[in-house]
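Enquirer: Mind looking over this structure? Questions follow.
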Amino acid sequence: MKLFIDTANIDEIRIANDMGIIAGVTTNPSLIAKEGRSYKQVLAEISSIMAGPVNGEVQSAHDASAMIAEGREIYNLDPKHIVVKIPMSAEGLKAIKTLSAEGIPTNCTLIFSANQALLAARAGASYVSPFLGRLDDIGQPGVELIQTIADIFANHPDLHAQIIAASIRNPTHVTACALAGADIATVPYKVIHQMINHPLTELGIQKFESDYNKVFGAEL
Ligand code: E4P
Numbered sequence: 000m001k002l003f004i005d006t007a008n009i010d011e012i013r014i015a016n017d018m019g020i021i022a023g024v025t026t027n028p029s030l031i032a033k034e035g036r037s038y039k040q041v042l043a044e045i046s047s048i049m050a051g052p053v054n055g056e057v058q059s060a061h062d063a064s065a066m067i068a069e070g071r072e073i074y075n076l077d078p079k080h081i082v083v084k085i086p087m088s089a090e091g092l093k094a095i096k097t098l099s100a101e102g103i104p105t106n107c108t109l110i111f112s113a114n115q116a117l118l119a120a121r122a123g124a125s126y127v128s129p130f131l132g133r134l135d136d137i138g139q140p141g142v143e144l145i146q147t148i149a150d151i152f153a154n155h156p157d158l159h160a161q162i163i164a165a166s167i168r169n170p171t172h173v174t175a176c177a178l179a180g181a182d183i184a185t186v187p188y189k190v191i192h193q194m195i196n197h198p199l200t201e202l203g204i205q206k207f208e209s210d211y212n213k214v215f216g217a218e219l
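Per numbering that gives the first Met the number 0: the sequence shown ends with 219, consecutive numbering throughout.
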């Protein structure tokens, strides 16, 4: 399973990218709004940093023709990197069909059921984004949805969409998604740090240092 970072913050993207752990970026209108800059500026800057896919979401979510026009604009910011995120809906599926036919990669977002994922993949989406944290929030098992979609896609090799496990809230989600068969998990910066850190690692580093220094002294 690959990892993307789920943020529009340039500093977070640079730090994660410098560690060599992320293969792409996902943003959404809420994450862009937090940065207080236009989505075009932010997406263009992210694309200049990242080697992999940069997901930018359309702001107009109700009408296929508006989503198609905006999708083309977003894509043209950097056709080498940009993936256009389109929310799941009947209009969204129409937009996915048109954009995909033009060779524009799309990510169908706000997926909360296996059937929605199936429809998005059939419409031509390159990626589907099931939101497990938001399902957990309403008492439905988010990881089971990832597993179900992975099983369906494995049973039907003519479905080519990749599964991006989204709305990840903790490191346990990441492990569970890897086991469930997600192709990608898009992980917030805070969760990346939770994945890196372990109290026994910290203690181990301190002990190695102090054992060494007791004998040889600090050599810096
Ligand atoms: C995915 O692409 C979305 O940006 C994201 O994962 C949403 O997560 P949230 O439920 O934490 O807002």
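Ideal Cβ positions, reconstructed from N, Cα and C, are used throughout, including at glycine.
Taking one C-beta from the region 4–23 and one from the region 172–190 each time, how about it: are there three or more such pairs within less than 8 Å?
Expert: Enough Cβ pairs lie closer than 8 Å, so yes.
Enquirer: Report, in whole angstroms, the separation of the C-beta atoms of A124 and I95, which I expect to be a contact under 8 Å.
Expert: That belief holds up - the Cβ atoms of A124 and I95 are roughly 5 Å apart, short of 8 Å.
Enquirer: Quick one: is L76 buried, meaning 16 or more other Cβ sit within 10 Å of its Cβ, or exposed?
Expert: By the neighbour-count rule (16 or more Cβ atoms within 10 Å), L76 is buried.
Enquirer: Whole angstroms are fine: how far does the CA of Y38 sit from the CA of V190?
Expert: Rounded to whole angstroms, V190 to Y38 spans 24 Å at the Cα level.
Enquirer: Using only CA atoms, which one of A65, A89, I48, G91 lies nearest to I81?
Expert: Per the Cα distances, I48.
Enquirer: Just verifying my parser: in three-state terms, what is the DSSP assignment at I4?
Expert: I4: strand per DSSP, three-state reduction.
Enquirer: Tell me where the alpha helix (DSSP H) around V142 begins and ends.
Expert: Start and end: 141–154.
Enquirer: Of the residues P170, S166, Q115, E201, which one's Cα is nearest the Cα of I151?
Expert: Taking only the C-alpha atoms, the option nearest I151 is Q115.
Enquirer: Taking DSSP as the reference, what is the three-state secondary structure of I204?
Expert: DSSP places I204 in helix when its eight states are reduced to three.
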